[in-house]
Amino acid sequence: MKYAVIKSGGKQYRVSEGDIIEIDRLPESKGKISFEDVLLFVSDGSVKIGRPYVSGEKVEASL
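Using the numbering used here, the letters of the sequence shown correspond one by one to residues 254 to 316.
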């Protein structure tokens, strides 16, 4: 299972592919957005913990 914990608007969200979540204070109302503040990234049993963020990982989403 692949998932990540991201930070947006001072809050943390656990997300995985296909999730639908509500996030406050996004600058755009439609399109795509990238979250670069990834606090934790888990993929195929490999866990990356950020200090404070995981370098090289980002989460992309559609609005």
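Note that CB positions come from ideal geometry on N, CA and C, so glycine has one too.
Asked	Found
Mind checking which residues open and close the beta strand (DSSP E) that includes residue 261?	256-261
For residue 315, which residues does DSSP report across the bridge?	285
For residue 291, count neighbouring Cβ atoms within 10 angstroms of its own Cβ and tell me buried if that reaches 16, exposed if not.	buried
If we call anything under 7 angstroms between Cβ atoms a contact, is residue 264 one with residue 287?	no
What are the boundary residues of the beta strand (DSSP E) that includes residue 302?	299-302
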